[in-house]
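The structure appears right after this line, and notes come after that.
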Amino acid sequence: MKLQLHAETLAEKNFLGGRAEVFEVMGRLQLITLLRCGLYPHSRVLDLGCGCLRGGYWLVHFLNPDRYFGIEPQVEMLEIGKTEILGRDILNEKRPRFSSNDRFDPSEFGVLFDFFIARSVWTHASRGQIEEMLDRFLAFGTPDSLFVTSFLPGKKGEGDSSPDWVGRSHESDTPGTRRHELGWIEQLCLDRNLKVRELFDPGEKQVWLLIAKGEGARPAQTYLKRLVEGMGKDKGKGKGVRDSVRRWLRCTRLTRRFSDRHSS
Ligand SMILES: C[S@@+](CC[C@H](N)C(=O)[O-])C[C@H]1O[C@@H](n2cnc3c(N)ncnc32)[C@H](O)[C@@H]1O
């Protein structure tokens, strides 16, 4: 059965962490985004708040065995991900590892990570939790590690309303999201000698951020430029198309005016 149909069936009885109708596409986008940022099959990936493996499904399939690590405190949701979304055969073949701590703490895995990903996690996390995740990134990322995270951009001061997670989690059944100010995130990164940039992704409500360690930022800047800005070129192409349409309309108007003048 296609993953999307399977997820829709599961969602009739279980909360899967997001809207069921975009389950497959939102999962695929996580792998695509990491690929655009330089993911290899041998990369080690830490998926913070991995939920029921919406993105993990694609990452575990793509990565070599022993390369995917997920942290998810909502144990029932993670169990659905392992048994229903991934399935025994892939679990046995790829040996992904999981932790259910709620401190974003990967120390029990005993490895460093090439990539951190947090999809739809900063959209609920408190300011303190975001700082915690960045500190884990500093401590458990390889020197040229990258952190790919999505957030909802907010106005100045937005995001500091509560010290707790907002939305569904292992501790709450109340839905909700929160916004964070990009300037505040930039300052956090600056304080930690991390580079941060937005990934251009048209039509996305959540904005992807790419955060790189100081040492990793240079290679990241160069080798990622073309990958990351591949989409930026579309922007250019779009502009090209818009300009051509404008030129064509102008030309049509001139032709009409010319023929009106000369037909009388
Ligand atoms: C909106 S879901 C996103 C799940 C997944 N990243 C995805 O794209 O489907 C947010 C997840 O973060 C988890 N979460 C909540 N508090 C957390 C914490 N303190 N540490 C790690 N994950 C947490 C929630 O249980 C939930 O599964």
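So the mapping is simple: the working numbering equals the position in the sequence shown, first residue as 1, plus 680. All C-beta atoms in this analysis are idealised placements derived from N, C-alpha and C, irrespective of residue type, glycine included. Bear in mind the structure is a predicted one, so any value in this text is a computation, not a measurement.
Annotation note: the stretch 839-878 contains the following uninterrupted alpha helix (DSSP H) runs of length 4 or greater, listed N- to C-terminal: 862-871. Excluding five sequence positions before and after L726, the CB atoms of its chain that fall closer than 6 Å to its own CB belong to F749, P786, F793 and F796, given in chain order. For G767, the closest C-alpha among the options L709, T854, V740 and E788 is that of V740.
Contact between the stretch 862-874 and the stretch 843-853 is absent: fewer than three C-beta pairs spanning the two stretches fall below 8 Å. Using a C-beta cut-off of 8 Å, the stretch 851-859 makes no contact with the stretch 817-827, since fewer than three inter-stretch Cβ pairs fall below that distance. Within the same chain, and ignoring the five residues on either side of E764 in sequence, the residues whose Cβ sits closer than 7 Å to its Cβ are L690. Proximity of the beta carbon of I865 to ligand 1 is not indicated: no heavy atom of the ligand is located closer than 8 Å. C-alpha of F831 to C-alpha of R699: approximately 17 Å in a straight line. Distances taken from the Cβ of G731 to the heavy atoms of ligand 1 include one shorter than 8 Å. When the five nearest sequence neighbours on each side are left out, the beta carbons in the same chain lying within less than 6 Å of the beta carbon of R877 are those of L890, in order along the chain. In this structure, R747 lies away from T803, with their beta-carbon atoms at least 9 Å apart.
With a 10 Å radius around the Cβ and a threshold of 16 neighbouring Cβ atoms, M706 comes out buried.
L739 carries a helical assignment under DSSP once its states are collapsed to helix, strand and coil. M813 sits away from L733, with the two beta carbons spaced by 9 Å or more. Within a 10 Å sphere around the beta-carbon of P776 sit 16 or more other beta-carbons, which makes this residue buried. In this structure, the alpha-carbon of I760 lies about 9 Å from that of N694. Restricted to the stretch 743-772, the alpha helix (DSSP H) segments that are unbroken, complete and at least 4 residues in length are 755-760, listed in chain order. Closest in C-alpha terms to V755, from the list D782, E773, W738 and H860, comes D782. In the structure shown, S779 adopts extended strand secondary structure according to DSSP, grouped into three states. Straight across, the Cα-Cα distance linking L771 with K762 is about 7 Å.
Beyond the five residues adjoining it in sequence on each side, S842 comes within less than 7 Å, by CB distance, of S806 in the same chain, given in chain order.
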